[in-house]
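In what follows, a single structure is set out as structure tokens and then discussed.
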Amino acid sequence: MRKKELRLVVTFHTTADAMAMEKACKEYQVPGRIIPVPRAISAGCGLSWCASLEDREQITDMMRKAGIEEEAMHECMV
Amino acid sequence: MNLSDSKKKLALAGVICGLVAACLAFLGNPANMAFCIACFIRDTAGALGMHQAEVVQYARPEIIGLVLGAFIISVVTKEYRSTGGSSPMVRFVLGMIIVIGSLVFLGCPLRMIIRMSAGDLNAWVALIGFILGVGTGVFALRKGFSLGRAHAVNKVGGTMLPVMMAGILIMALVPSLLKASEAGPGSMHAPIAASLAGGLIFGAVAQKSRMCFAGSIRDVILMKNFDLFSVIAGLFVVMLVFNVATNRFVLGFDTPGIIAHSDHLWNILGMYTVGFAATLAGGCPLRQLILAGQGSSDSAVTVMGMFVGAALSHTLGLAASGTAVNAETQEIVAGAVPPHGKAACIICIIVCFVIAFTSKRDEVK
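So the sequence lines, in the order shown, correspond to chains L and B. For the record, in the first sequence the residue sitting at position 63 is 63 according to the numbering used here, with numbers rising by one throughout. Counting the second sequence from 1 gives a position; the numbering used here is that position plus 1000.
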């Protein structure tokens, strides 16, 4: 089983925003993957973007360029 | 206890819910139905006089318990959030569609799993439709489908459905106030206290584990993530063991007395409709009740749509009939979907496509 580690988790207002994020990250070659929002963060069942903590700045820049608004950015064991 | 930090614990959540369903079936709920959201909403709508089908009228405490269980646990664990404003009327229509599709198949996704665990091959056929329906919804999500974001609203807003459910419970305790079937599925039920306790436990566990039948398939298709699927697997295994142990496991298609039909195309299309609409609405019928309990007015509106859809299904003759034995001739009479039900199912699928490909995400300017 993969060991859990502290990672950056970006949550969104809608599932569509998470889908747009996945598409944009592919386009801009930004690292990370889409995952269900960790239960520790929310009782909802949406999607979130998971990446390494050091990619935070790159992700924030890319989201600004692509016009994607986050709900929140968390540091969470995933 | 955290029920969601590993697949084993999530499967345990499914096992607990499976035990609740098995106990309720043992205590008197209809065979092979045990715990069905669409059927129980339909029965409750009948108890309130929203339809006049005399055999399916009973205020099911399970539905009340689910909402109240999710409400109580979310308040206690500080997860209650009063939200709303994400395309409420579209969600109302999706709620209607979910139940119309369910009653064409004769069961919600939860009952589909319960029927599968009892050897009903019709439910396995319907699973194909459900997966295809969720897959179509996922395709729409990938194409930018969105009903818009929900916003925080007045705290009281999120309590409306739990309060209404508590109101139905009080009315159910007043003799002769609500309608109650004297024959048929509506007359078969566990004692009120057991049903309510079962609903409360199921609701609390479902809130903690985020149990969702549409969501589990969605996550597998979208991300190859099996977290939610493990909850369903746990529930299936418990119900399978229960059915085999109590001689309720009957492998076959035309099995009379289990409230199911073998109209394969319509089993598939009924559950296709449910899977598609549930993915667009962000959750299966069970999940809508749980989200409504934890404060989502959007889900509460979807639940209202489900009540109206259930009432319409019986008022307009859209619901399928189950295979049964003619009491006089002892011949098996095949269950079927009436023509109006088939037409409604097709219309529902078309409406889902229109909603799915016209409701798009707003770009941030």
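C-beta: ideal position from N, C-alpha, C; glycine also.
Which of helix, strand or coil does DSSP assign to Asp1005 of chain B?
Here residue 1005 of chain B is taken as the residue at index 5 of the second sequence, counted from 1. The answer is coil: DSSP assigns Asp1005 of chain B none of H, G, I, E or B.
Quick one: is Asn1326 of chain B buried, meaning 16 or more other Cβ sit within 10 Å of its Cβ, or exposed?
Position 326 of the second sequence holds residue 1326 of chain B. With fewer than 16 Cβ atoms within 10 Å of its Cβ, Asn1326 of chain B is classed as exposed.
Smallest Cα separation from Leu1024 of chain B: which of B:Thr1159, B:Ala1070 and B:Ile1192?
Residue mapping note: residue 1024 of chain B aligns to position 24 of the second sequence, counting from 1. That would be B:Ile1192, whose Cα lies nearest to the Cα of Leu1024 of chain B.
Counting contacts by CB-CB distance shorter than 8 Å, is Met19 of chain L in contact with chain B?
Here residue 19 of chain L refers to the residue found at position 19 when the first sequence is read from its first residue. By this cut-off, Met19 of chain L is an interface position.
List the residues of chain L whose Cβ lies closer than 7 Å to the Cβ of Glu1079 of chain B, in chain order.
If you number the second sequence from 1, residue 1079 of chain B lands on position 79. By Cβ distance, chain L contributes Ala43.
Give the straight-line distance between the Cα atoms of Ala1260 of chain B and Met1112 of chain B, rounded to the nearest whole angstrom.
Position 260 of the second sequence holds residue 1260 of chain B. Position 112 of the second sequence holds residue 1112 of chain B. Answer to the nearest angstrom: the Cα atoms are 10 Å apart.
Measuring only from the beta carbon, is Val1301 of chain B closer than 7 Å to any heavy atom that is part of the ligand MG?
As far as ligands go, the structure on display features none, and thus does not contain the ligand MG.
At which residues does the beta strand (DSSP E) containing Glu71 of chain L begin and terminate?
Translated into the one-based positions of the first sequence, residue 71 of chain L becomes position 71. Element bounds for Glu71 of chain L: Glu70 to Met77.
Ser1230 of chain B lies in the alpha helix (DSSP H); which residues open and close that run?
Translated into the one-based positions of the second sequence, residue 1230 of chain B becomes position 230. Residues Asp1227 to Ala1245.
Quick check: is the beta carbon of Arg1210 of chain B nearer than 8 Å to any beta carbon in chain L?
The residue given as residue 1210 of chain B occupies position 210 in the second sequence. Yes, its Cβ sits closer than 8 Å to a Cβ of chain L.
Enumerate in chain order the residues of its own chain whose CB-to-CB distance from Arg33 of chain L is below 6 Å, with the five nearest sequence positions on each side excluded.
Taking the first residue of the first sequence as 1, we reach residue 33 of chain L at position 33. Here the set comprises Cys50.
CA-CA distance, Asn1029 of chain B and Val1020 of chain B?
For this step, residue 1029 of chain B is matched to residue 29 along the second sequence. For this step, residue 1020 of chain B is matched to residue 20 along the second sequence. Each residue's alpha carbon lies about 11 Å from the other.
Looking at the structure shown, is Arg1081 of chain B part of a helix, part of a strand, or coil, going by DSSP?
Position 81 of the second sequence, counting from 1, holds the residue named residue 1081 of chain B. Here Arg1081 of chain B sits in coil by DSSP.
Using a Cβ-Cβ cut-off of less than 8 Å, list which residues of the region 1042-1073 of chain B approach chain L; keep chain order.
Result list empty, no residue passes.
Taking the alpha-carbon of Ala16 of chain L as reference, which of B:Val1308, B:Ala1123 and B:Ser1086 has the nearest alpha-carbon?
The residue given as residue 16 of chain L occupies position 16 in the first sequence. Taking only the C-alpha atoms, the option nearest Ala16 of chain L is B:Ser1086.
What's the call for Ala1152 of chain B, buried or exposed, on a 16-neighbour Cβ count within 10 Å?
Along the second sequence, one-based indexing puts residue 1152 of chain B at 152. Exposed.
Would you list the residues sitting across from Lys1360 of chain B in a DSSP beta bridge?
Your numbering for residue 1360 of chain B matches position 360 in the second sequence. The partner list for Lys1360 of chain B (beta bridge, DSSP) reads B:Phe1145.
Consult DSSP for Asp17 of chain L and reduce its assignment to one of helix, strand or coil.
Along the first sequence, one-based indexing puts residue 17 of chain L at 17. Three-state DSSP puts Asp17 of chain L in a helix.
Is the shortest distance between the beta-carbon of Ala16 of chain L and the beta-carbons of chain B less than 8 Å?
In the first sequence, residue 16 of chain L corresponds to position 16, counting from 1. Chain B contact via Cβ: present.
Would you list, in chain order, the members of the region 31-58 of chain L that have their beta-carbon closer than 7 Å to a beta-carbon of chain B?
Residues passing the 7 Å Cβ filter: Ile34, Ile35, Pro36, Arg39, Ala43 and Cys45.
Asn1243 of chain B: buried (16+ other C-beta within 10 angstroms of its C-beta) or exposed?
Here residue 1243 of chain B corresponds to residue number 243 of the second sequence, with the count starting at 1. Asn1243 of chain B comes out buried.
Within 8 Å of any Cβ in chain B, is that where the Cβ of His74 of chain L sits?
By 1-based counting over the first sequence, the position of residue 74 of chain L is 74. Output row for His74 of chain L: interface = no.
Tell me whether Val1354 of chain B is buried or exposed, calling it buried when 16 or more other Cβ atoms sit within 10 Å of its Cβ.
Here residue 1354 of chain B corresponds to residue number 354 of the second sequence, with the count starting at 1. Label assigned to Val1354 of chain B: exposed.
So the beta strand (DSSP E) Glu33 of chain L belongs to, where does it begin and stop?
Here residue 33 of chain L corresponds to residue number 33 of the first sequence, with the count starting at 1. Per the sequence shown, residue 33 of chain L should be read as Arg rather than Glu. Arg33 of chain L -> beta strand (DSSP E) spans Arg33 to Pro36.
Quick one: which chain L residues come within Cβ less than 8 Å of Asn1225 of chain B?
As a position in the second sequence, residue 1225 of chain B is number 225, starting the count at 1. The contacting residues are Ile35 and Pro36.
Does Ile1263 of chain B pass the burial test, meaning 16 or more other C-beta atoms within 10 Å, or should it be called exposed?
Here residue 1263 of chain B refers to the residue found at position 263 of the second sequence. It should be pointed out that residue 1263 of chain B corresponds to Asp in this sequence rather than to Ile. Buried: at least 16 other Cβ atoms inside 10 Å.
Is Ser1209 of chain B closer than 8 Å to Val1231 of chain B when the C-beta atoms are compared?
As a first step, residue 1231 of chain B must be located in the second sequence, where it is residue number 231. As a first step, residue 1209 of chain B must be located in the second sequence, where it is residue number 209. The answer is yes: Cβ separation under 8 Å.
In whole angstroms, give me the CA-to-CA distance for His74 of chain L and Glu5 of chain L.
As a first step, residue 74 of chain L is located in the first sequence; it is residue number 74 there, counting from the start. As a first step, residue 5 of chain L is located in the first sequence; it is residue number 5 there, counting from the start. About 13 Å.
Between the region 1141-1150 of chain B and the region 1050-1065 of chain B, do three or more beta carbon pairs fall short of 8 Å?
Result no; under three Cβ-Cβ pairs closer than 8 Å.
Which value, in whole angstroms, describes the spacing of the CA atoms of Val1301 of chain B and Gly1282 of chain B?
Against the second sequence, residue 1301 of chain B aligns to sequence position 301. Against the second sequence, residue 1282 of chain B aligns to sequence position 282. Distance between the alpha carbons of Val1301 of chain B and Gly1282 of chain B: 13 Å.
Cα separation between Leu1173 of chain B and Gly1184 of chain B?
Taking the second sequence and counting its residues from 1, the one referred to as residue 1173 of chain B is at position 173. Taking the second sequence and counting its residues from 1, the one referred to as residue 1184 of chain B is at position 184. Their backbone Cα atoms lie some 21 Å apart in a straight line.
Taking 8 Å as the threshold (C-beta atoms), are Lys1143 of chain B and Phe1276 of chain B in contact?
For this step, residue 1276 of chain B is matched to residue 276 along the second sequence. For this step, residue 1143 of chain B is matched to residue 143 along the second sequence. Result no, Cβ atoms of Phe1276 of chain B and Lys1143 of chain B do not sit closer than 8 Å.
For His1051 of chain B, count the other beta carbons within 10 Å of its own beta carbon; 16 or more makes it buried, fewer makes it exposed. Which is it?
The residue labelled residue 1051 of chain B in the question sits at position 51 within the second sequence. Buried, because 16 or more other Cβ atoms sit within 10 Å of the Cβ of His1051 of chain B.
Quick one: is Leu1141 of chain B near chain L, going by C-beta distance under 8 Å?
Taking the second sequence and counting its residues from 1, the one referred to as residue 1141 of chain B is at position 141. So yes, Leu1141 of chain B belongs to the interface.
How would you write the range of the alpha helix (DSSP H) that Phe1249 of chain B sits in, first residue to last?
Mapped onto the second sequence, residue 1249 of chain B falls at position 249. Counting along the chain, Phe1249 of chain B falls outside any alpha helix (DSSP H), and DSSP gives it neither H nor E.
Report the residue from B:Gly1270, B:Gly1046 and B:Ala1011 whose alpha carbon sits nearest the alpha carbon of His1314 of chain B.
Numbered from its first residue, the second sequence carries residue 1314 of chain B at position 314. Of the candidates B:Gly1270, B:Gly1046 and B:Ala1011, the one whose C-alpha sits nearest the C-alpha of His1314 of chain B is B:Gly1046.
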